[in-house]
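If you count by my numbering, then the sequence shown holds residues -2 to 369, one letter each, in order. Ideal Cβ positions, reconstructed from N, Cα and C, are used throughout, including at glycine. Being a predicted model, the structure only gives us computed values, none of them experimental. A short worksheet on the structure shown next.
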Amino acid sequence: MTKSKSRMTKAMTNDEARSVTFRYSGFVILSSFVIRASSFLLLAVFPRAVQAADNISVLGSKPKWSVLERYQKTIRRDEFAHLINDIYCTHGLAPDLLEINGKTARILMNRAAQKFFTLRFAESGASCNPVPRLWRPAKSLPPAKPEKPLSGLRIALDPGHLDGKWAKMEERWFQVGSSPPVKEGDLTLKVARIIAPQLRRLGAKISFVRNSNEPIAPKRPDDFKELARKILIKNGVPQPRSDVLDPNDPAKEQTIRWQSEILFYRYSEIRRRAVLVNTKLHPDLVICLHFNAEPWGDPNNPTLVDANHLHLLVNGSYLQDELELDDERFEMVRRLLSRAYEEELLLADAIATAMARETKLPPYQYPTTNST
């Protein structure tokens, strides 16, 4: 799974996988305040497939730019420029999308209509307005108690992927011989259920984004067949096939079935989890747990590999194509203004350092330039 907007720390853990004979990569995504449904997703074949007139991402919502009015004069110009240039837009961005001036930033809302949002900077740190948040930064929490260091902290655990019959569809399932199948969504849920009571004993208030082997999204792949067909036609497949021939079908990504399944588990399901976090759970911290198998060759005859690693992802490093989308650009600016990065990086450093020390596992090295 592509994690395009991420800053990677030293290491994370996958100790649970050591009880079996294969090797897995494990990683955690940290998120303060909000899980962004599109923050680590690209359409599997067509990154900018079918967009609405408002120029939004797949299954995205029209951005509510008026929400940013709450952040007027909550940040200095130098801090805003640092976060844009060094954290969120490290790959650059088109000058008409966002322009930083002396006292304001001009952010494109709609290119066709040439509408812009003007963000006013605070003149000094002392004059900054309070940052509106639905989560609490560490400094606002009461002093930690030695016996309950996480007292009152609201943590949402999000076991990544899906379990049960959905694991095969998601291509997060494999089996060697007659041994029990390995399902990544099952592993993440088991890990979440193991750490939840431990976190509670430390004083944290724990909620689950997913606590069963069923998806939380109400729609299923069949609900996305028509959209999948439109996506394929829009991207040069005038008469898309309905179904996949077999796991080795070289043209499976050009079938309605494959695209509708992607829309279900990689878009609809993740966005639904974001809605749950942002409108009902309101945690201070979201921990998204994932396992990723190393490539195993022929899916009909998988080969075990002796490789293991771990890593931890923090939101950032948006791609230029992503920032062209109005909803992606809006969410990036809102996340920046919430100062989530400051909290996430400190947590990531602490967690990665501890887990690297305990597991001795190496960090994952991304083979692309999409992470920093």
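The distance from the Cβ of PHE118 to that of ILE104 is about 13 Å, inconsistent with a contact at the 8 Å cut-off. Judged by beta-carbon spacing, THR185 lies within the 8 Å limit of LEU286, meaning their Cβ atoms are closer than that value. Beta-bridge partners assigned by DSSP to LYS142: LYS145.
The three-state reading of DSSP puts PRO194 in helix, counting H, G and I together. In the structure shown, ALA119 adopts extended strand secondary structure according to DSSP, grouped into three states.
If you draw a straight line from the Cα of GLU120 to the Cα of LYS100, it comes to about 8 Å. Only buried fits ASP281, as 16 or more other CB atoms lie within 10 angstroms of its CB.
Of the candidates LYS70, ARG354, ILE81 and GLY57, the residue whose Cα lies closest to the Cα of SER124 is LYS70. Secondary structure note for ILE84: it is in no alpha helix (DSSP H), with a DSSP letter that is neither H nor E. In this structure, the beta-carbon distance from THR252 to PRO235 does not fall below 8 Å. The beta strand (DSSP E) runs of length 3 or more contained entirely in the stretch 218 to 300 are, from start to end of the chain, 282 to 290. In this structure, the alpha-carbon of ASN52 lies about 16 Å from that of LEU90. In this model, TRP255 and VAL241 are separated by some 7 Å (Cα to Cα). Our two residues, ILE152 and ILE230, have alpha carbons roughly 42 Å apart in a direct line. Nearest C-alpha to TYR262 among HIS306, HIS279, GLU168 and GLU340: GLU168.
Note on geometry: alpha-carbon atoms of SER58 and GLY233 lie some 25 Å from one another.
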